[in-house]
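Residue numbers (the UniProt record's numbering): 1 to 128.
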């Protein structure tokens, strides 16, 4: 599966049942379009997302955000304690420390790319 990132949204390009589809991922709304050639997939994804954002603006509703910036993680009490102690030793909040750990892991995996940051993402990064 190929993915395309545009305006903070991620779209997949998939071949299914003889057709090529572009689908916007990680939101509750269903945004899917069919395209004729793989070379058109990126333009189709951009058009799909732009049309969705324009529709939301026209209807006066807030577009769905692909991620809200928070998630729950279940870990052992010992791992929780060690992470909290390391965060405090580095002068960071646990959230900030975990964010740095995720960034480091992604960089080691060769995927340091960050999606376009929203203003609230930038404010949170400054606070951390």
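Cβ atoms here follow ideal geometry from the backbone N, Cα and C, with glycine treated the same way.
With residue 29 and residue 52 assumed to form a contact (beta carbons below 8 Å), what rounded beta-carbon distance in angstroms separates them?
In this structure residue 29 is in contact with residue 52, their Cβ atoms being roughly 7 Å apart against a cut-off of 8 Å.
Segment limits, alpha helix (DSSP H) that includes residue 36
No alpha helix (DSSP H) holds residue 36; DSSP gives it neither H nor E.
Please list the terminal residues of the continuous alpha helix (DSSP H) segment that includes residue 103.
Note, residue 103: alpha helix (DSSP H), 94-108.
Helix or strand or just coil, what does DSSP make of residue 50?
Residue state, collapsed to three classes: helix.
Residues near residue 45 in its chain [Cβ-Cβ closer than 7 Å; skip 5 each side]:
For residue 45, same chain residues with a beta-carbon under 7 Å away, outside a window of 5 residues either side, are 4, 6, 11, 22 in chain order.
Just how far apart, CA to CA, sit residue 111 and residue 56?
When only Cα atoms are considered, residue 111 and residue 56 end up about 31 Å apart.
Length of the line joining the Cα atoms of residue 94 and residue 33:
One C-alpha to the other measures close to 41 Å.
Whose C-alpha, out of 98, 15, 60, is nearest the C-alpha of residue 73?
Ranking the options by Cα distance to residue 73, first place goes to 98.
Distance check for residue 39 and residue 87, CA to CA, integer angstroms please.
Rounded to whole angstroms, residue 87 to residue 39 spans 46 Å at the Cα level.
Can you find the residues in the same chain that come closer than 8 Å, C-beta to C-beta, to residue 90, ignoring five residues on each side of it along the sequence?
Excluding residues up to 5 positions away in sequence, 97 lie with their Cβ nearer than 8 Å to the Cβ of residue 90 in the same chain.
For residue 67 versus residue 26, is the C-beta spacing smaller than 8 Å?
Cβ atoms of residue 67 and residue 26: closer than 8 Å.
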